[in-house]
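Counting in this note's numbering, the sequence shown runs from 11 upward without gaps.
Don't be surprised by glycine CBs; every beta carbon is placed ideally from N, CA and C.
Data block below; observations after.
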Amino acid sequence: MGLYAASMRRRHACLLFLASALPMRALAAGPALQPAQPSWDALLRLSARLRALDADGLNPGHYNIPPDARAASDPQGYTTALYASAYAALGDLLQGRVRSLPDRPDIRREAVAMVAWQARLYGHAEPSEVIEEAALLPPGMEALRLALQVARAQVAAGGWPSVPTTGGTIEPASTDPERVPALRARIAAEDAALAATVPVDPALYDETLLEAVRRWQAANGLEPDGRVGPATLVLMNRSAQARVNQIRVAMDMRRAAPRAQPGRRIEVNIPDYRLKLLNGTRMLLDMAVIVGKPNRATPMLSVTMTTVQFNPPWGVPERNAREDLLPKFRRDPRAMIEKGFRIYQFIGGERVEVDPLTVDWASIDPKRIPYFFRQDAGDSNALGRIKFIMPNSDDIYLHDTPDRHLFSRPGRAFSSGCIRLDKPMELLDLVLEGTTGWDRAKADTVLESKQTTAVGLRRPLPVRLFYQTVTVEQAGVRIRPDIYGLDAAYARALDQRGAAAPAVAAAAPRQQTEKAASAAAVVAR
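Structure representation (structure tokens):
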């Protein structure tokens, strides 16, 4: 007992030292706070909270958290290092660890009053509570935390089995001794109800498995039809670690994200294939959209819709002409003429139309096409009947489309970059509100005329194209495929040890270090 008592006396002396070494007042730049002297247990709780930052999608190893054993041998250094770690973590929790990335203008951060938060951290009797408050500040964080915990548990359990992709779509009521058992095992890894059942025939895609597949598809943003085709298989066969990373990215992107602005605006979440027209927080319109293919990705943009064009012609971009139209003209130029396509050539500085039937298409070099292509307005036009113009250097716009069947697909990355609309007329009604002389009847008349007509909007609309694969909704967390690999790139930046640090981190902690050193000197004497 003597050794234990001596140990406790030393521990108590260390506590008194640590308490004296801590800051006795808030920073002058921060709010007025009562002096706080955290107890030894409070410091240990702060240390433990920092070591649990992985629950917030951050890597505790990035914050140089001092070992608790250091407190006994170097209490001053321990205190200084612990608060420096806490402040660095606080900055990432409040402002996001990844502050920006190339070609990601959709990653935006609001200014955070770090000095005030720092004052709270240094003046609080329970500094771990300040860290926890900052961690849960963004909307949806509790749901994401739980989803991250579940995803990490799945990784720790070895992930889940894959489902063979050869053999086409797995149809309900079909029999397959290899793929159906694999499908059952894959879904059971996440579906406790299915895991608790024993199939009569393991090779049969029975009703119990069908309902479980439908639940899984609905939870992952797919059409819950029970048909296990390419889109479902791609999502099922992604790794458990990829899901962990997507959730971590979603958590970091929410930190210091701009709040919803008043007034009307359009938001397009590209990997969710959805367009929403909002007024403040109120939803006015929600529709499915088609976005760019991975090799022709829709760029992230913040622009303004200014004009609506009725019966638009399509001036075909060079890449579309080379990769899409040239093969079709080679196969059947007459069919392309019937779809309203025309070709032109500049001769002597003047644009001259050329008869496609007179061209030797087989001899045309795709890298040096001497023609440019245009499709007349009409029912077959690739832009449909309406084009919503929002000037930008990428020539991206919203438009109607004749390919209506594609909207029933769960994955809708089919375009060359522009956004195709499932409900163009509903959007038209809303954007034309307040524009003198325009209503649905006038719009219908203009559309029926087949004449190309443009009208400027009286109330131009902000439009934001952004990338968010993980959404938090009433039903919980929903995860979409990372179609452009942007989450993977973000996760790599998130895991870089040299990621962004708080811009004001250097000066203020130095003040506290000096206070701690001064207090330590008094105790030492």
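Alpha carbon to alpha carbon, how far is residue j from residue i? Give it in angstroms, no decimals.
i: E120; j: T179; result: 46 Å
i: T479; j: T446; result: 39 Å
i: D64; j: N74; result: 14 Å
i: N391; j: C428; result: 14 Å
i: N230; j: R292; result: 25 Å
i: V190; j: E217; result: 12 Å
i: I374; j: R332; result: 10 Å
i: R344; j: P366; result: 8 Å
i: L54; j: A260; result: 29 Å
i: F356; j: P182; result: 57 Å
i: R284; j: R490; result: 12 Å
i: A38; j: A145; result: Only weak support is given to the placement of A38: the predicted model assigns it a pLDDT of 34, under 50, and the value that follows is read from those uncertain coordinates. So the two alpha carbons sit approximately 25 Å from each other.
i: Y354; j: D113; result: 34 Å
i: G67; j: G168; result: 20 Å
i: M346; j: K338; result: 7 Å
i: P376; j: D370; result: 13 Å
i: L288; j: I117; result: 20 Å
i: A203; j: W226; result: 12 Å
i: A157; j: V487; result: 7 Å
i: N402; j: K286; result: 20 Å
i: T89; j: T242; result: 52 Å
i: L335; j: D201; result: 46 Å
i: P76; j: Q506; result: 20 Å
i: H415; j: W324; result: 21 Å
i: P33; j: A126; result: Residue placement at P33 cannot be trusted, given a pLDDT of 44 that sits under 50; what the coordinates show is reported in the next sentence. Straight-line Cα distance between these residues: approximately 15 Å.
i: L496; j: G150; result: 21 Å
Are the beta-carbon atoms belonging to residue i and residue j less than 8 Å from one another?
i: I141; j: L103; result: yes
i: V473; j: V299; result: no
i: G101; j: M124; result: yes
i: P209; j: R194; result: yes
i: F417; j: I280; result: no
i: A213; j: P187; result: yes
i: Q47; j: Y97; result: no
i: L437; j: P322; result: no
i: S83; j: L60; result: no
i: S184; j: R306; result: no
i: T481; j: D282; result: yes
i: G236; j: L220; result: yes
i: M246; j: R196; result: yes
Applying the criterion that 16 or more other CB atoms from any shown protein chain within 10 Å of the CB defines a buried residue, is residue i buried or exposed?
i: T368; result: exposed
i: R275; result: buried
i: E152; result: exposed
i: D206; result: The question names Asp, but residue 206 is Ala in the sequence shown. Per the 10 Å Cβ criterion, exposed.
i: A52; result: buried
i: P137; result: buried
i: P272; result: exposed
i: I493; result: buried
i: Q540; result: The structure shown does not extend to residue 540, since the chain spans only 11 to 535, so no value can be given for it.
i: E458; result: exposed
i: A166; result: exposed
i: Q461; result: exposed
i: D389; result: exposed
i: A42; result: Legend: pLDDT at A42 = 41, less than 50; position of this residue unreliable, value from coordinates given subsequently. So A42 counts as exposed.
i: P420; result: buried
i: G177; result: exposed
i: V133; result: Sequence inspection shows Gly at residue 133; the Val mentioned does not correspond to that position. Burial call: buried.
i: P380; result: exposed
i: D404; result: exposed
i: R258; result: buried
i: T72; result: Contrary to the premise, residue 72 reads as His rather than Thr in this sequence. It counts as buried.
i: V278; result: buried
i: R329; result: exposed
Tell me, to the nearest whole angstrom, how far the beta carbon of residue i is from that of residue j; I am working on the premise that it is less than 8 Å.
i: V326; j: F383; result: 4 Å
i: R352; j: E363; result: 6 Å
i: Y407; j: I396; result: So it is not a contact: roughly 10 Å between Cβ atoms.
i: P148; j: A228; result: Contact flag wrong, Cβ pair sits at about 26 Å.
i: T317; j: L467; result: 7 Å
i: P304; j: A423; result: 6 Å
i: L504; j: V108; result: 5 Å
i: Q385; j: K349; result: 7 Å
i: L57; j: D78; result: Rather than Leu, the amino acid found at residue 57 in this sequence is Ser. Yes, S57 and D78 are in contact; Cβ-Cβ is about 6 Å, under 8 Å.
i: R340; j: A372; result: 6 Å
i: L154; j: L294; result: With 8 Å as the limit, L154 and L294 do not qualify as a contact, their Cβ atoms being about 27 Å apart.
Legend entry - Validate contact between the region 397 to 413 and the region 444 to 460 using beta carbons, cut 8 Å, 3 pairs: no
Inset, instruction - Inspect the CB distances between the region 247 to 260 and the region 154 to 174 and report whether three or more fall short of 8 Å. - result: Contact holds: three or more Cβ-Cβ distances are below 8 Å.
Inset, instruction - Give a yes or no on contact between the region 304 to 319 and the region 460 to 473, applying the rule of three or more CB pairs nearer than 8 Å. - result: With a cut-off of 8 Å on Cβ pairs, the region 304 to 319 is in contact with the region 460 to 473, counting three or more such pairs.
Legend entry - Contact between the region 165 to 172 and the region 497 to 506 (3+ Cβ pairs under 8 Å): no
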